[in-house]
Amino acid sequence: MIRLLSSLVLPLFIALFLAACSPSGPDSAEQHAADAVAGLEVAPDQVAPAAVEEPLAEQRPHVVSAPAGDREDPWYWLRDDEREDPDVLAYLEAENAYAEARLAHLSDLRETLFSELRGRIVEDDSTVPYLDRGFWYYARFEEGKEYPIFARREGSRDADEQIVLDVNRKAEEHAFYQVGGWDVSASGRYLAWLEDTVGRRQFVIRIKDLEDGSIRDTEISGVSSLSWGGDDRFLYYVSNHPETLRSWQVRRLDLDADTPEAGELVHQEDDTAFYTGVGRSGSNEYVMIYLRSTVASEMRVLPTSDPEGEFAVFFPRERDHEYQADHLDDRWIIRSNYQAPNFRIMQVELAGHADRSAWQDVIAHDEDVFIHGFDALRGFLAVSERSDGLRRIRIHDWDSAESSILSFDEPAYAAYLSGNTDQDSDRLRFIYTSLTTPMQTWEIEVASGERELLKQNEVPGGFDMADYVTRRIWVTARDGEQVPVSLLHHRNTALDGSAPLYQYAYGSYGASSDPTFGTDRLSLVDRGFVYAIAHIRGGQEMGRRWYDDGRMLNKRNTFYDFIDVTRHLVDEGLVDGERVFAMGGSAGGLLMGAVANMAPELYLALVARVPFVDVVTTMLDESIPLTTNEFDEWGNPMDPDYYAYMLSYSPYDNVTAHDYPAILVTTGLWDSQVQYWEPAKWVARLRATRTDDNPLLFHTNMDAGHGGASGRFRRLEERAMEFAFLLDLAGMAD
């Protein structure tokens, strides 16, 4: 188990917990009342009259230049890097006021939905403890509180509780608060954590003495990850570039120094295509620097016994070679895609890591199985992999070299490795979930195969798994590819063409949208919606080829797959073709913008969360976060071929005078992943260009970033707004 941020176990639980309350599932992240639909117009009682005038952003001349041509961008002025321009802020506030006015008639429904959503959360809850260097760590929530409390017990699960970090207390004075990760020093005395009070994911390091509760004066900002070494003295962390926010410098902070204001620079990553991270090996015997681009990676390692030494390159970076390694006794265990597009697992003696010819196969490459990662224990190797689109777990015996796959009964599910921090353990812990099964935490005794259920997440409010049906179907895309689709519906909802459809996808960065459980979507499914996850190209559900077929000059396949899935569900008579809704966020918001331009007649309404919609302008500007690292995802528009291709689908550049679906767009003012001005400009152009009068609403959270509101309850207000918007248009607001 590679300890990136060292605290990955509890953040995994928190991420899955919040994902269980999200229509879009864990990855992450993470996201049209059209007159053209069957020639029907929206009924007057479905859309409230605007109480305030529709905001129309001023057009100001501006030219965006590129080698392949110039483009007029009259709403470029909406970009304000400092978030201080009064004209920009006034426009965003006007859009917020307009959105609230158009949704005012739904206030009771929004309150009802919020109560439903909150009512499905167990307010007093805790994770299953895991053992790490003599302490049992866990997270728990208390009734009425927004944030987790991280705690531990020394030596035994029955020992007295020690509070590691009460996030609620830290968040009291902030409109937004996020813990980006945390790590405890080797002795268990010091806690270092990352804190964000803005939403921009530019974290500040905090250090707490767990013996007396005191907080050290050390305050270092603009950080993305951290890890203790092998003692209580040295803390390694990654600083972000002050302009592009790219993680680029690894520093070593000596807490014995008189003025620990900044650590010693131990690595600076000057290749702008690479991001940087730091963590520890599963054995806790090495500090690891992780360097990653879209198509290559490199690691550097340092024994924790030599904290002031030089990091050694594990294996030099090569384009199209991605690898990760972990330490186990006298060898390295390696996940590598060298001559293996779907990855394989290899091993090499400690001293031989730089000689790739010495790497030996443990799990060979399989063109039908994609390997995500592994946990290396002394008794066995656990591999997280994907076959036929489903996330599963393989257990490999070191002695016999035989493997077995954990089997499950449901047609669509996801199983994840979790909390395997003890390399001596003879038991494997994993998480199981499906569209109908709330998250379960299991352990299996590997020798006997006996499974033990450690925790079944509860869903208050009368939830019964038997009330829901999950299905998995395959849709033939226009080029003949078979696209998997996961469906969820209530057992009383017939798939006879009468039910509204709520379709979700992401389809970028190789991020797969697994069929995991979510409590939020029950508010739609219980009202008769069919929920569909389209596992489209650009993700990695069907292996690395699936990703490659949905990026760069193949990006349009992502949009075509989504549209083809919608058409199939309608044409096969499974859902009501006049009540089709879709949602996507971030790069999934790009998807929403693209389908709005390409097939507006299919959708009654779209929800676009923090959408990446101004592709060409953003990718031309290397000062914007994420740009240089993503040339191998979208292409570099300085190249005329990529410029033309990206311009052909960029939502902002393809808005034309036609009828659009109803659209709800949300963003965060402090978003560093997709800047707020992208959706702002897109909405402004839509208002000035479209030929319909369908609802077009734009809401900016002025206190949040890419992930939306912080806290487990406040975020539900945003979801209630989205669902009320959709239910109103579906004629189901009563």
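By the working numbering, the letter at position 694 of the sequence shown is numbered 705, and the numbering carries on one by one without gaps. We treat Cβ as the ideally placed atom computed from N, Cα and C, and that holds for glycine. Fair warning: this is a prediction, and the values are worked out from it, not measured in the lab.
**Message:** Whole angstroms are fine: how far does the CA of Leu738 sit from the CA of Ala744?
**Reply:** 5 Å
**Message:** I'd like the list of long-range same chain contacts for Ala68, defined as Cβ closer than 7 Å, with 5 residues on each side in sequence excluded.
**Reply:** Trp86, Leu89, Tyr102, Ala695
**Item:** Alpha-carbon spacing of Arg753 relative to Glu154, whole angstroms
**Value:** Residue numbering for the chain in the displayed model covers 12 to 745; residue 753 lies beyond these limits and cannot be assessed.
**Asked** Taking C-alpha atoms, which residue in Met713, Glu729, Ala731, Glu733 lies nearest to Arg211?
**Response** Met713
**Asked** Excluding sequence positions up to five away, which residues of its chain have a Cβ less than 6 Å from the Cβ of Leu506?
**Response** Leu585
**Prompt:** Does the separation of the CB atoms of Pro662 and Ala607 fall below 9 Å?
**Reply:** yes
**Asked** If you draw a straight line from the C-alpha of Leu202 to the C-alpha of Val195, how long is it?
**Response** 5 Å
**Item:** Cutoff 8 Å; reference Arg367; Cβ partners in own chain excluding five residues on either side
**Value:** Phe326, Tyr349
**Coarse secondary structure for Ser411, derived from DSSP in three states** = coil
**Item:** Neighbour-count burial assignment, Arg330, 16 or more Cβ in a 10 Å radius
**Value:** exposed
**Residue interval of the alpha helix (DSSP H) (run including Pro449)** = Pro449 -> no alpha helix (DSSP H), and no H or E assigned at all.
**Message:** DSSP three-state label for Pro611, please.
**Reply:** helix
**Message:** Which complete beta strand (DSSP E) runs does the stretch 656 to 727 hold, if anything under 3 residues is left out?
**Reply:** 673 to 679, 707 to 712
**Same chain only: Cβ atoms within 6 Å of Arg701, ignoring 5 sequence neighbours per side** = Tyr671
**Prompt:** According to DSSP, which residues form a beta bridge with Tyr542?
**Reply:** Leu499, Tyr513
**Prompt:** So who's on the other strand from Gln493, going by DSSP bridges?
**Reply:** Thr487
**Asked** Within this structure, are the beta carbons of Gly518 and Gly549 separated by less than 9 Å?
**Response** yes
**Terminal residues of the alpha helix (DSSP H) in which Asp372 lies** = Here Asp372 belongs to no alpha helix (DSSP H); instead the beta strand (DSSP E) covers 371 to 374.
**Message:** Using only CA atoms, which one of Tyr656, Thr629, Ala619 lies nearest to Thr746?
**Reply:** Look at the range of the chain in this structure, 12 to 745, and you will see that residue 746 is not part of it.
**Request:** For Asp317, count neighbouring Cβ atoms within 10 angstroms of its own Cβ and tell me buried if that reaches 16, exposed if not.
**Result:** exposed
**Request:** Please state whether DSSP places Arg562 in a helix, a strand or coil.
**Result:** coil
**Asked** Taking the continuous alpha helix (DSSP H) assigned at Glu127, which residues delimit it?
**Response** 118 to 130
**Buried or exposed by the 16-neighbour rule on C-beta atoms within 10 Å, applied to His73** = exposed
**Item:** Euclidean distance between Cα positions of Met476 and Ser445
**Value:** 11 Å
**Proximity to Asp84 [Cα-Cα], best of Thr628, Leu124, Ile635** = Thr628
**Prompt:** Taking Cβ positions, are Gly199 and Leu221 nearer each other than 9 Å?
**Reply:** yes
**Message:** Taking the beta strand (DSSP E) that Thr287 belongs to, which residues open and close that run?
**Reply:** 286 to 291
**Asked** In angstroms, rounded to a whole number, what distance separates the CA positions of Ala284 and Leu631?
**Response** 14 Å
**Message:** Distance check for Glu106 and Val676, CA to CA, integer angstroms please.
**Reply:** 10 Å
**Message:** Quick check on the DSSP output: what are the complete beta strand (DSSP E) runs of length 3 or more inside the stretch 200 to 266, in order along the chain?
**Reply:** 201 to 207, 214 to 220, 231 to 239, 245 to 251, 258 to 265
**Message:** If I follow the unbroken alpha helix (DSSP H) through Pro97, where does it start and stop?
**Reply:** 97 to 113
**Request:** Determine the extent of the beta strand (DSSP E) in which Met476 is found, giving its start and end residues.
**Result:** Unbroken run through Met476: none, as it is neither H nor E.
**Prompt:** Whose C-alpha, out of Glu689, Asp643, Tyr424, is nearest the C-alpha of Thr305?
**Reply:** Asp643
**Prompt:** So the beta strand (DSSP E) Ser749 belongs to, where does it begin and stop?
**Reply:** Here the chain comprises residues numbered 12 to 745, so residue 749 is not present and cannot be evaluated.
**Message:** Quick check on this structure: which residue in Phe570, Asp143, Gly320, Glu728 has the alpha carbon closest to the alpha carbon of Glu275?
**Reply:** Gly320
**Prompt:** Expressed to the nearest angstrom, what Euclidean distance is found between the alpha-carbon atoms of Glu64 and Glu733?
**Reply:** 21 Å
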